[in-house]
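*Asks:*
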Amino acid sequence: LTGSETLSVWHHDTAQRICDFGPTLREDLTQLTSAANQVGYLVDCHWDQNNQQLSLLTGDHTGNGTIFRVEAGRITPSFSLKNGHKGDIRAWTHLYGDSFATVGEDARLCEWHQANEKSNKVAKSNTSGPPARKP
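The opening residue of the sequence shown carries number 12 in the numbering used here; numbering runs sequentially from there.
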């Protein structure tokens, strides 16, 4: 994943590029999801060592996101993140099991749990927002 929002997959041991997803990646990912899940930007990729799986998080500009499974030459949507953030998602990290956290420009930290929601492919969020302002 680069600052110009392109994605290439490389072989770790040989440093050979396996696949380059090209400059139309955002448009291609949007076509893989429903029209309601527009891909406005790429957030980051994470490697799950236990499952030997690379995942990509994307977002729209309303606070929703989609996690994709990245394989050599193929990307497939895994699940959607809904009702957690109110603005752009900027980072994510694995926590434990099937749980992870995202942070966004809205100053929210969201903890997501996908294990209980796999049937409808929507992750559930526990959200903590910025501290309340006192008058």
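Just so you know, even glycine gets a beta-carbon here, dropped at the ideal spot from N, CA and C.
Compare the C-alpha of G108 against each of S91, H124, E16 and name the closest.
*Replies:* Among S91, H124, E16, the Cα nearest to that of G108 belongs to H124.
*Asks:* Is E82 helix, strand or coil by DSSP?
*Replies:* Strand.
*Asks:* Around the C-beta of I29, are 16 or more other C-beta atoms found within 10 angstroms, so that it is buried, or is it exposed?
*Replies:* So I29 ends up on the exposed side.
*Asks:* Helix, strand or coil for L18? Go by DSSP, reduced to three states.
*Replies:* Reduced to three states, the DSSP call for L18 is coil.
*Asks:* Buried or exposed: which applies to T73, given that a residue is buried once 16 or more other Cβ atoms fall within 10 Å of its Cβ?
*Replies:* Answer is exposed; the Cβ neighbour count stays below 16.
*Asks:* Using only alpha-carbon positions, find the residue among D24, N62, N75 that is nearest to G115.
*Replies:* Answer by Cα proximity: N75.
*Asks:* Give the range of the alpha helix (DSSP H) segment to which T41 is assigned.
*Replies:* Where T41 is concerned, the enclosing alpha helix (DSSP H) stretches over 36 to 43.
*Asks:* Sort T41, Q63, S91 by Cα distance to H23 and report the nearest one.
*Replies:* The option with the nearest alpha carbon to H23 is Q63.
*Asks:* Between which two residues does the beta strand (DSSP E) containing R28 stretch?
*Replies:* 28 to 31 is the span of the beta strand (DSSP E), which, as asked, contains R28.
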